[in-house]
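Undergrad: Before we start, here is the structure in question, set down as structure tokens.
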Amino acid sequence: MKLDLKLKLLILLVIPLFFVIGFSLTFISNIMDEKKNLEFSKHHILEAEGISRVMHLLQIERGVTTQIVSDAKSDVKLKELLEIRKASDVSIKELRSRFTSCKTCINNDSITLLDSLLQREQLQLPKQTTNQVREYYTKNIAALLSLIKIIPSSIDEKTNRNHIQSYSHLSQAKEFFGEIRALVTQILSDKDFSEESFSHLMEYLSIYHLETQNFKLTADPKMLHFYEKTFVGKEVQNSLEMIDIVLSKRQESLATLSSALWFESATHSIDSLKKVEDHLFATVYTLINEKLDSTSYKLMTLLLFLAISAIVVTFLLLAITRKILFSATVLEGEYDSSLLLLEQYKATVDGGFIVSKTDANGIITYVNDEFCKLSGYTKEELLGHTHNVVKHPTSSPETFAALWHTIKDLKQPWVGEVKNLSKDGTTHWLKAIISPIISKEGDIIEYIAMRTDITAQKEITKYFEDQLKISTNNFNCSMHLSKEYEKAIDSSTILLRTDVHGVITYANEKFLQISHFSQEELVGENFNFIIAPQEHVANHPSLWDGIIKNRAKTGEVFWTKTTIVPIKSLDGDIIEYFQIRFDITEIMRHREEFERAANTDSLTGCGNRFRLNNDMQRLENLSIVIFNIDNFRQINDFYGHDFGDLVIKSTADKIYEFISHDKNFRFYRLQGDEFIALAVDYSKELLVEKTKAVLELIKKKFYVRNEEILLSCSAGLSCEPKESLLATANMALKIAKKSNIDYLLYTPEISLEQQYKENIRWTRKLSHAIKEGNLQAYYQPIIDNVTLQKNKYECLVRIVEDSKAISPVHFLGVAKQTRQYADITRAVLYQAFELFKDKDIHFSVNLSILDILEPQTTSYILQMLQEYDIGSRVIFEIVESESIDNFDGITDFIREAKKYNCKIAIDDFGTGYSNFEYLIKMQADYLKIDGSLIKNLNKDKNALLIVSTIVDFSKKLGMKTVAEFVENEEIFEIVKSIGVDYSQGYYFSEAKKEL
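For my numbering, add 3 to where a residue sits in the sequence shown, where the first one is 1.
Okay, structure coming up:
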């Protein structure tokens, strides 16, 4: 219906007023937005100020902690650290409260960082190394700096944003000045003048200057003027001069600096930078408050205007209302206008957001084009389905449970991030706002979801998070594996851990038990303090393996087989050492007892042949005298062997007592009635004079069991090189005896003719025997000490001449010199294999080192084993009285022989070159104990000790033992009582041609 003229005039008056009110409301909205932005900026500025305070206190805490690590006994510094840490915790809690007060800008990573800082006391930082302390604080301060760096991007107002940007540069400069303070403190405290330390110092100083320059470029003139006025003075100048002195690397200058003076000066400089920060925050805080006051004034003015306008509008509206006739046409027009406006809103939303609608059950009822474009699905493929179509399979169930609880149960909008999967498999991250549409009855009609694609932002964020987390993940994985390995080692071995300086950081229960120390007594001490005083072990850059003699808290000595393993970082730097140990104390004690007994002649208590060999290998510039009692056999035959032993002991005592006063002489009993005096740095003339005096001493009568004894001795002297010293002295002794003279000094002229004649004679005999087949194998039984059965035989060689069997002692030496030794070995092997090939009896054949290292001989042996196929009954006795130099060749032969199931025995063990290392390396099955020990078991306690030790050691190695030279029942009973497995000797049978 038409309006009259008066109504039209009223409308013309109201419309401009509405326009003014609308403009005012818009202006108020802008002012409110401005105020909101200012309050938001103020909040961020307060956050930055709180971060600054926390950083500053952490920098001080880092410096004090570094000093404590450098000087662990500084109680004053420890108290100062506790006070600073308390202040830091207060600031951290205030900052955390400030972060959580802003519900729309809360940063979970920031909260996590602050929570971890509140737990730092549990890390026991003062007990860690300087580098670990610096790394911990530097990492967390850097994380706080990164928070400050992103604050400017959150502030819309340019001036405040520039202030915060300049503060960011100032904070970076102050942090790296703190790094410089910590590093210089370490250099001065630890005297660490390495190139690496100076390189880091120059890098930190360069960054400090760069950030200072950036601060000057971004700070306004007033702030720059305050900085230049504040960051000056003697202390600041001293700090910069000290840095220059350190970088100059002049030792005389560095000697004048102290870490305490530097720390105090640098702290003053940092405090100056802190004053600039505080002034900067005060300035920004004042500016933003002034702007907030101005905004509030504007807002109040506009609100007053609007109140007046509202009164006027109300009056006019009342007037218009009375004049307006409500009609369907007007209402319909208004309705059409509303629909049009709604469509425009819908078009705006559809164009700017990814929109979808679902019914109350979550079934999709509408998707816009942006949704289809991002997901790759058509509307037809989406409508009628749930959002599970695009839900990523790795999405968190908890997230969607919280979503449905919020929109369905609480009937409130849900805001969050969701991870979707496109049709082509592409992953997308979306920021979503899902709101329930509720009827006036309070029932949910449908849900509307508006989303924005944040995939790019998530990828950028994830990239940086991954870079930060990757090292942590790798470290955690490595630490887990390391802990598992450590747990396995800890439960099975004696374990000790030290730092790079050898300081003990951990000892497991097995170590505590064996050392009798407690964990507290060990941790913090250098591991060398438990090592016996005469030993010293240093850490190595690579794996070290050896035997260590240790001393327990009780003073007792214990031995450990030790492997020291360096533990390295990813950069290849050693960060600690693992010492993996095994207790071998019992083995070492047995070894010491055996070696002591093995080096001592059981009858006289003097050194034996083994000690003589060791001393000759160890000493230089040697000369030697061999003494042999003349006609000693007559004393044995007349008085008996026991009496003869007393004569030998008395004679040895005489000689030893006479020469023991001379430190250059050593005395040994070689065998039977032979003695040796070994001289060091003795001239021929003095050696002859000493020998004459000994011979005169022996000729003096003495008494044994009230029997008057008169003896004489023959002596052979030699000053030849030690390789031929014994042989030449023995040659001189033989010639002296044959010539019936008291002594003879060896010279090359006296030996050649006689030795040449003997060699020719036995060479001819041996050649004839080989040619005529007179080399004959003889067989001596080996008795099982339990069953007394003859189930083994040893094959021995003889030359048969005129029905007499000649012992190999006469011709084996010549055979080795004339290369006829291999013919002897082959003859014995052939005869033995032929005899035993059809008999179920084990037999042994003697092999010298010369046999084993001769390729033709070993080839012949292996050929015989293959041809006869009786390897399981063959025992090869390796003559142990010969020194073994080429162990590889020996072990190669043993390995090949054992392929045929052959057994290995060590012959003559207990004299000569006896060595337990041989047993382990040669993997022997039998150990034949030398007859010189066995025949004295009934009258020599040392011999009994040696044999018992050999038997015990053999049993532990899983070897059987054979006693040689068992000549009577008494010896046999002793042998059985100490656990020897087999016996061989004239008590049972001599070697015979037939079995």
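Even glycine gets a Cβ: it sits at the ideal position worked out from N, Cα and C.
(1) In whole angstroms, what is the alpha-carbon distance linking G915 and F613?
(2) Whole-angstrom Cβ separation of Y796 and F846, contact assumed at under 8 Å?
(3) Tell me the DSSP secondary structure of Q926 in three-state form.
(4) So, does the region 759 to 774 touch the region 717 to 737, judging by three or more C-beta pairs under 8 Å?
(5) What residue does the alpha helix (DSSP H) around M734 start on, and which one ends it?
(6) Assign D854 to buried or exposed, taking buried as 16 or more other Cβ atoms, counted over all protein chains shown, within 10 Å of its Cβ.
(7) Is F201 near L250, with beta carbons less than 8 Å apart?
(8) Is DSSP giving Q779 helix, strand or coil here?
(9) Assuming L49 and R99 make a contact with CB atoms under 8 Å, what is their CB distance in whole Å?
(10) Run through DSSP, which three-state label would Q127 get?
(11) Beta-carbon within less than 7 Å of V23's beta-carbon, same chain only, minus the 5 sequence neighbours each way: which residues are those?
(12) Does the pairing of the region 24 to 39 with the region 264 to 275 give three or more beta-carbon distances under 8 Å?
(13) Per DSSP, which residues does M245 bridge with? Please list them.
(14) Anyone know if the C-beta pair for T389 and E449 falls short of 8 Å?
(15) Between the C-alpha atoms of D92 and Y288, what's the straight-line distance to the nearest angstrom?
(16) For E231 versus F179, is the C-beta spacing smaller than 8 Å?
(17) Mind the definition here: the region 711 to 722 touches the region 661 to 674 only if three or more C-beta pairs lie below 8 Å; say whether that holds.
(18) In this structure, how does DSSP classify Q792 when only helix, strand and coil are distinguished?
(19) Could you please give the first and the last residue of the uninterrupted beta strand (DSSP E) stretch that includes C375?
(20) How would you call T464, buried or exposed, if buried means at least 16 neighbouring beta carbons within 10 angstroms?
(21) From R500 to A510, what does the alpha carbon distance come to, in whole angstroms?
(22) For G982, name the three-state secondary structure that DSSP assigns.
(23) What three-state label does DSSP hand P439 in the structure shown?
(24) Have a look at G874 and K906 and give me their C-alpha separation to the nearest angstrom.
(25) Applying the 10 Å Cβ sphere with the 16-neighbour rule, what's the burial state of K237?
(26) Hey, S715 and K702 are a contact pair by Cβ (cut 8 Å); roughly how many whole angstroms apart?
(27) How long is the line joining the alpha carbons of M638 and D648, rounded to whole angstroms?
(28) Among K225, D911 and L930, which has the Cα closest to the Cα of D955?
(29) Compute the Euclidean distance between the alpha carbons of I809 and V983, then round it to the nearest angstrom.
(30) Residue range of the alpha helix (DSSP H) that F968 falls in?
(31) Any idea if A331 is buried or exposed, counting beta-carbon neighbours within 10 angstroms, 16 or more meaning buried?
(32) Taking just the CA atoms, how far does T654 sit from K704?
(33) From R898 to F912, what distance separates their C-alpha atoms?
(34) So K552 is in the beta strand (DSSP E); what residue range does that whole segment cover?
(35) Under DSSP, the alpha helix (DSSP H) around V506 begins and ends at which residues?
(36) Starting from the C-beta of L334, find all residues in its chain whose C-beta is less than 6 Å away, skip the five residues before and the five after it, and write them out in chain order.
TA: In terms of the structure at hand:
(1) With a pLDDT of only 47 at G915, under 50, the local geometry of the prediction cannot be trusted, and the value read off the model is given with reservation. Rounded to the nearest angstrom, the two C-alpha atoms are 6 Å apart.
(2) Contact holds; Cβ gap of about 5 Å.
(3) Q926 sits in coil when the DSSP states are folded into three classes, being neither helix nor strand.
(4) No: the two stretches stay apart, fewer than three of their Cβ pairs being nearer than 8 Å.
(5) It spans L728 to K741 - the alpha helix (DSSP H) in which M734 sits, taken as one unbroken run.
(6) With 16 or more other Cβ atoms inside 10 Å of its own Cβ, D854 counts as buried.
(7) Result yes, Cβ atoms of F201 and L250 sit closer than 8 Å.
(8) Correct three-state label for Q779: strand.
(9) The pair is not a contact, with the Cβ atoms about 13 Å apart (cut-off 8 Å).
(10) Three-state DSSP puts Q127 in coil, outside helix and strand.
(11) Here the set comprises S312.
(12) Short answer: they don't touch.
(13) Answer is none; M245 lacks a bridge partner.
(14) The answer is no: Cβ separation not under 8 Å.
(15) Between D92 and Y288, the alpha-carbon positions lie close to 24 Å from each other.
(16) In this structure, E231 lies away from F179, with their beta-carbon atoms at least 8 Å apart.
(17) Below 8 Å, too few C-beta pairs join the region 711 to 722 and the region 661 to 674 to call them touching: fewer than three.
(18) Correct three-state label for Q792: coil.
(19) Looking at the DSSP string, C375 is not in any beta strand (DSSP E); the run it does join, the alpha helix (DSSP H), is D372 to S378.
(20) T464 is exposed by the Cβ-count criterion.
(21) Rounded to whole angstroms, R500 to A510 spans 6 Å at the Cα level.
(22) Here G982 sits in coil by DSSP.
(23) Strand, per DSSP.
(24) Straight across, the Cα-Cα distance linking G874 with K906 is about 8 Å.
(25) By the 10 Å Cβ count, K237 comes out exposed.
(26) Confirmed, about 6 Å.
(27) One point to set straight first is that residue 638 is Ile, not Met, in the sequence displayed. Cα to Cα, I638 sits roughly 10 Å from D648.
(28) That would be L930, whose Cα lies nearest to the Cα of D955.
(29) When rounded, the distance between both Cα atoms is 31 Å.
(30) Annotation for F968: no alpha helix (DSSP H) segment contains it, and DSSP assigns it neither H nor E.
(31) Residue placement at A331 is flagged as unreliable, the pLDDT there being 43, under the threshold of 50; the coordinate-derived value follows with that caveat. Classification for A331: exposed.
(32) Computed Cα separation, rounded: 11 Å.
(33) In this structure, the CA atom of R898 is about 21 Å from the CA atom of F912.
(34) Where K552 is concerned, the enclosing beta strand (DSSP E) stretches over W547 to R554.
(35) Boundaries cannot be given for V506, as no alpha helix (DSSP H) includes it and DSSP labels it neither H nor E.
(36) Reliability of the predicted coordinates at L334 is poor, the pLDDT of 49 falling under 50, and no value is obtained from them.
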